[in-house]
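Q: Numbering (my numbering) for the first sequence: 3 to 424. Where a beta carbon is used, it is the ideal one built from N, C-alpha and C, also for glycine.
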Amino acid sequence: MKKVIAPVKGTREFYPEQMALRNFIYEKVRSASEAFGYQEWDAPFIESIELYAAKSGEELVKKQSFTFQDRGGDLVTLRPELTPSLARMVAARQGELTFPLRWWSFGPFWRYEQPQKGRTREFFQWNVDMLGVNSPEADAELIAVGVTFLRSVGLSPKQALVYVNNRRLMDSEFDALGIAPEKRLDVSTLVDRRAKMEPASWEAYALELGITSSQLEGLKALLGNYDLWKKNDELIRLFAALEALGVREYVTFDPNIMRGLLYYTGTVFEAFETSGSLRRAVFGGGRYDNLLADVGGQSLSGVGFAMGDVVIGIILQELGLAPAFEPSPAQVLVTVFDEKLWLESYKLGAKLRNAGLNVMVFPEPVKLPKQFKFADKMKMKVVVTIGPEEAEKGMAAVKNLSNGEQVIVRCEAVADIIQNIL
RNA sequence: GAGCCUGUAGCUCAACGGCAGAGCGCCACACUGUGGAUGUGGAUGUUGUGGGUUCGAAACCCAUCAGGCUCCCCA
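Here is the structure:
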């Protein structure tokens with residue numbers, strides 16, 4: 003190789019093998035979404051930067067967006083998330099859309115951050131949202147959609163769990179501890195960081211934020227109380243609904259789940275792979291209120307979550323849950339014996355395709371062993387050969403590569419023979 | 001944006017100042033009408049890139065690019 007232009011940092015190159023995994027995820031995402039009646043939709047990949055200025059965090063807009071000037075001088079950005087586009091599109095047709103609205107989407111997003119395990123600058127994200135219903139039962143349905151996906155890719159409750167909390171519950175607990183409402187944000191980040199810090203430095207950090215030592219003790223007790231949900235009507239209803247939906251075994255209450263995004267107002271949840279080799283959420287979401295008001299719509303409550311393809315892709319590969327890669331979409335190879343019989347093979351290939359089979363014809367008359375090796379490497383199931391002896395009688399040799407058996411049959415019968423093998 | 005670690009054959013890695021190697025993969029042949037297995041032989045590198053130190057650099061130093069792990073943020 004000579005001088006190579008490297009791909010842009012953090013972007014993804016999908017060779018057929020990776021493409022197969024991406025499509026596998028896409029298929030599972032689609033069936034989980036559609037099983038609950040969600041409609042597929044999408045938004046522009048490029049948006050005006052102002053769209054995000056309204057509601058996304060400052061970090062996301064100023065530091066993590068791919069922003070540039072278009073030829074007309076306007077500032078545009080590659081979308082870093084979908085929710086603002088959702089809010090705008092729903093607000094624009096609020097009067098004509100049918101509510102409750104259930105939408106899902108799977109597409110590319112970009113965030114300008116340091117690539118590392120589980121995080122790239124370009125990624126695919128599954129978004130699922132329900133708008134127009136404000137109830138714990140609706141929250142439970144969204145979690146069930148996520149769990150349906152986890153289950154469909156073969157993740158057991160031992161391997162992946164959804165951790166749930168409730169912002170309102172935590173706010174009232176913070177109030178009870180005498181933590182002022184304006185400190186809630188600080189305390190949220192404090193809770194978020196607990197898992198990542200040494201206990202001593204975490205406590206020091208807490209006191210730095212102006213938490214009193216008695217509040218700190220209360221906070222520690224709160225974060226260790228895994229029965230706290232039993233005090234909260236919303237969470238009681240949520241878990242009852244999860245039970246009814248058949249996904250309860252995948253969900254557990256955890257007071258340590260806060261989530262950074264400011265717009266969450268009620269239920270919040272995050273899914274993790276339990277071995278913890280990757281300390282990143284598989285998906286995360288929650289209930290949000292009034293997202294539409296900022297883009298000119300009427301107040302409307304919603305619940306949704308998002309899943310990136312990178313973390314789940316790594317997990318599926320590490321746990322051996324990614325499907326075996328099938329190099330060739332064609333399971334049948336027709337060899338080319340020599341120059342004279344070349345077009346006979348082409349004819350047979352065409353005939354087999356008409357019969358509904360995916361068929362590759364070797365593109366040149368090279369030695370047969372080479373063609374068979376090719377078929378083997380491409381994991382094809384059947385090789386069909388027309389040599390001089392077969393051609394004379396209008397026949398073809400059909401070899402089953404899994405057991406090595408070969409039969410010689412009339413060309414007209416080849417398709418049926420192959421159907422039996424596959 | 002900050003700190004630390006790593007870049008050697010297609011892949012995984014060794015050599016750690018003194019001739020750049022192994023395993024797997026690849027190619028050829030045994031097998032000129034048939035894949036996987038086995039055997040025999042073969043090819044492969046400006047040691048990420050650019051400078052510097054040295055008699056001598058894959059190794060040491062600087063820069064740069066890429067990747068990884070933290071912090072930050074988050075899907």
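In the DSSP assignment, what are the bridge partners of I410?
A: DSSP output for I410 lists A399 as bridge partner(s).
Q: Run the CB neighbour count on L209, radius 10 Å, all protein chains shown included, and call it buried at 16 or more, exposed below.
A: Exposed: under 16 other Cβ atoms inside 10 Å.
Q: Tell me whether S303 sits in a helix, a strand or coil according to DSSP, three-state version.
A: Here S303 sits in coil by DSSP.
Q: So the alpha helix (DSSP H) R186 belongs to, where does it begin and stop?
A: Counting along the chain, the alpha helix (DSSP H) containing R186 begins and ends at R186 to R195.
Q: What would DSSP say about F374, mapped onto helix, strand or coil?
A: DSSP places F374 in helix when its eight states are reduced to three.
Q: Consult DSSP for M132 and reduce its assignment to one of helix, strand or coil.
A: Residue state, collapsed to three classes: strand.
Q: With three or more C-beta pairs closer than 8 Å as the rule, is the stretch 104-115 touching the stretch 76-89?
A: The answer is yes - the stretch 104-115 touches the stretch 76-89, with three or more Cβ pairs under 8 Å.
Q: Is it right to say Q41 is buried, meaning 16 or more other beta carbons lie within 10 angstroms of its own, or is it exposed?
A: Flag for Q41 reads exposed.
Q: Might you give, ordered along the chain, the residues of its own chain that have their beta carbon closer than 6 Å to the beta carbon of L230, omitting 5 neighbours on each side?
A: The residues are P257.
Q: From which residue to which residue does the alpha helix (DSSP H) around Y348 run?
A: W344 to N356 is the span of the alpha helix (DSSP H), which, as asked, contains Y348.
Q: If we count Cβ pairs, one from each stretch, closer than 8 Å, do we get three or more for the stretch 307-324 versus the stretch 119-129?
A: Yes: the two stretches touch, three or more of their Cβ pairs being nearer than 8 Å.
Q: Would you give the residue range spanned by the alpha helix (DSSP H) that L209 belongs to?
A: First-last of the alpha helix (DSSP H) with L209: P201 to E210.
Q: How long is the line joining the alpha carbons of G389 and E29, rounded to whole angstroms?
A: G389 and E29: Cα-Cα distance of roughly 41 Å.
Q: Would you call the stretch 284-296 and the stretch 66-81 in contact, with 3 or more CB pairs under 8 Å?
A: These segments do not touch.
Q: According to DSSP, is L103 part of a helix, a strand, or is it coil?
A: In this structure, L103 counts as strand in the three-state DSSP scheme.
Q: Which two residues bound the contiguous alpha helix (DSSP H) that contains S154?
A: Start and end: P138 to S154.
Q: Count Cβ pairs between the stretch 194-207 and the stretch 293-306 that sit closer than 8 Å; are there 3 or more?
A: Too few Cβ pairs lie closer than 8 Å, so no.
Q: When you compare each of Y207, P331, R239 and R121 to L280 by their alpha carbons, which one comes out closest?
A: Taking only the C-alpha atoms, the option nearest L280 is R121.
Q: Can you tell me whether K4 is helix, strand or coil according to DSSP?
A: Note that K4 scores a pLDDT of 38, beneath 50, so its modelled location is shaky and nothing firm can be said.
Q: Answer with buried or exposed for I317, where buried requires no fewer than 16 other C-beta atoms within 10 angstroms of its C-beta.
A: Counting Cβ neighbours within 10 Å, I317 comes out buried, since at least 16 surround it.
Q: Following the continuous beta strand (DSSP E) through N167, name the residue where it begins and the one where it ends.
A: Taken as a continuous stretch (DSSP letters only), the beta strand (DSSP E) holding N167 covers A162 to N168.
Q: Whole angstroms is fine: what's the gap from K353's alpha carbon to Q408's?
A: Roughly 20 Å between the two C-alpha positions.
Q: In this structure, does DSSP put W231 in helix, strand or coil?
A: If DSSP states are grouped into helix, strand and coil, W231 belongs with the helices.
Q: Classify Y252: buried if its beta carbon has 16 or more other beta carbons within 10 angstroms, exposed otherwise.
A: Per the 10 Å Cβ criterion, buried.
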